[in-house]
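Structure first, then comments.
Residue numbers (full-length UniProt numbering): 1 to 217.
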């Protein structure tokens, strides 16, 4: 956003500078034309004065009304042209002031453009540095994320393996316990049978001994 704003400001200043330079160029051309026109009027006025002096020197006897009227017309026209020449001179001075003012504005705009260019260059360098730092941080983060992903995946694989081993051990333990219970049942049955046999034998011998005792009596 900052880069775009600085580019827009720079373009705006350049447009103002170009407009000022164009106006300055037009004013300079106009001043030159006015100066040429003033010089032309002055030369023309001098030529009229020379003509009047020449006519007065060549024909001193011409004093009739027509000559005086023509002379008055020429003098009036000459005065008008002189007045116009003075007006053009004042306009020329005014335009020169405007041109000087335009030069000042042009210089100020050029300074602003130079300052804006320097600011834009510094901002561009700073932005490039920040972008480089951002890329480095992104690479570090991607490396860290991949490392964490690999570590978690390894732990998960270990958990799965441990769970499988636990199930295998549980199955084997359950099988061993079942076999042990069966062995206990068989052993218990065998013990009962043996106890029964022992008890039967004891009763038999006890009965027999009793019978033998009775027979001896």
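From the three backbone atoms N, C-alpha and C, an ideal C-beta is built for every residue, glycine too.
With burial defined as no fewer than 16 other Cβ atoms inside 10 Å of the residue's Cβ, what is the status of residue i: buried or exposed?
{"i": "residue 102", "result": "buried"}
{"i": "residue 61", "result": "Because the pLDDT of residue 61 is 48, which lies under 50, any placement of that residue in the model is unreliable, and the number read from its coordinates should be weighed accordingly. Per the 10 Å Cβ criterion, exposed."}
{"i": "residue 65", "result": "Here the model assigns residue 65 a pLDDT of 47, short of 50, so the residue's position is not dependable and the matter cannot be decided."}
How many Å lie between residue i and residue j at the Cα?
{"i": "residue 156", "j": "residue 130", "result": "38 Å"}
{"i": "residue 201", "j": "residue 191", "result": "15 Å"}
{"i": "residue 44", "j": "residue 100", "result": "30 Å"}
{"i": "residue 39", "j": "residue 105", "result": "30 Å"}
{"i": "residue 189", "j": "residue 159", "result": "44 Å"}
{"i": "residue 174", "j": "residue 206", "result": "47 Å"}
{"i": "residue 116", "j": "residue 139", "result": "34 Å"}
{"i": "residue 50", "j": "residue 90", "result": "26 Å"}
{"i": "residue 198", "j": "residue 204", "result": "10 Å"}
{"i": "residue 187", "j": "residue 179", "result": "12 Å"}
{"i": "residue 96", "j": "residue 33", "result": "13 Å"}
{"i": "residue 184", "j": "residue 176", "result": "12 Å"}
{"i": "residue 124", "j": "residue 107", "result": "25 Å"}
{"i": "residue 261", "j": "residue 135", "result": "This structure gives no information on residue 261, because the portion of the chain shown stretches from 1 to 217."}
{"i": "residue 141", "j": "residue 118", "result": "34 Å"}
{"i": "residue 121", "j": "residue 114", "result": "10 Å"}
Regarding residue i and the ligand FAD, is the C-beta to nearest heavy atom distance less than 7 Å?
{"i": "residue 210", "result": "As for the ligand FAD, it is missing from this structure, which has no ligand bound."}
Quick check on DSSP: helix, strand or coil for residue i?
{"i": "residue 61", "result": "Confidence in residue 61 is poor, its pLDDT being 48 and thus under 50, which makes the residue's placement unreliable; the coordinate value appears in the next sentence. Coil."}
{"i": "residue 66", "result": "Bear in mind that the predicted position of residue 66 carries a pLDDT of just 49, short of 50, making it unreliable; the figure below should be weighed with that in mind. Residue 66 falls in the helix class under three-state DSSP."}
Pick out the complete alpha helix (DSSP H) segments inside the stretch 177 to 209, 4 residues or longer, and give them in chain order. Note on the stretch 177 to 209: there is no whole alpha helix (DSSP H) run with a minimum of 4 residues.
Those runs of the alpha helix (DSSP H) which lie wholly inside the stretch 105 to 174 and span at least 4 residues: If only uninterrupted alpha helix (DSSP H) runs of at least 4 residues are considered, none is enclosed by the stretch 105 to 174.
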